[in-house]
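Asker: Start counting the sequence shown at 54; every next residue gets the next number (this note's numbering). Heads up, the beta-carbon is just placed ideally off N, CA and C, and yes, glycines get one too. Predicted model only: the values in this text are computed from it and were never measured.
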Amino acid sequence: MALHFDRYMRVGGLYTFYDDIIDLEKLYEGIKDDELQFADPAKDPPVVRDLVLLIKGPDKGRTGILIGVYPDDKMAVKLDRYKGIREIRVVEKNWVAKRVGEQEPDDVFSISSSS
Numbered sequence: 054m055a056l057h058f059d060r061y062m063r064v065g066g067l068y069t070f071y072d073d074i075i076d077l078e079k080l081y082e083g084i085k086d087d088e089l090q091f092a093d094p095a096k097d098p099p100v101v102r103d104l105v106l107l108i109k110g111p112d113k114g115r116t117g118i119l120i121g122v123y124p125d126d127k128m129a130v131k132l133d134r135y136k137g138i139r140e141i142r143v144v145e146k147n148w149v150a151k152r153v154g155e156q157e158p159d160d161v162f163s164i165s166s167s168s
């Protein structure tokens, strides 16, 4: 019961502080990856400016925008605002997948793509 209450408080942003060391992957134990909505990273890899979902690692389930791809198979993701903070994470390439469906981007990134 305490784990469910903790998840409720965390997802609702009801804690008065933010602990950056918390591993969100534990909250997704028992939830299959196909229950999360994202494009297959092997078939449709994300490119810069795509809205993405972190599908592995301690920030699993967090959303953001891809801002960089490194030659060593790492990607830079600017996470969506959480309690007024937008963090940037450099993560493994296989941790990042494109979001699918109609989802609003974070307000800062509502700019058009010039392609």
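#1: Looking at L107: is its Cβ nearer than 8 Å to the Cβ of W148?
#2: Quick one: what does DSSP say V64 is sitting in, helix, strand or coil?
#3: Does the beta-carbon of R60 have 16 or more other beta-carbons within 10 angstroms, so that it is buried, or is it exposed?
#4: Quick one: what's got a C-beta closer than 8 Å to R153's C-beta in the same chain, skipping five residues either side?
#5: Among residues of its own chain, excluding the 5 on either side of G117, which ones have a beta-carbon nearer than 7 Å to its beta-carbon?
#6: Going by DSSP, what residues sit across from K169 in a beta bridge?
#7: Measuring only the C-alpha atoms, how far is K111 from D97?
Answerer: To lay it out plainly:
#1: yes
#2: helix
#3: exposed
#4: In the sequence on display, residue 153 carries Val and not Arg. Cβ within range, chain order: Q90, F91 and A92.
#5: V105, V130, K131, L132 and D133
#6: Here the chain comprises residues numbered 54 to 168, so residue 169 is not present and cannot be evaluated.
#7: Reading off the sequence shown, one finds Pro at residue 111, where the question assumed Lys. Between P111 and D97, the C-alpha separation is close to 23 Å.
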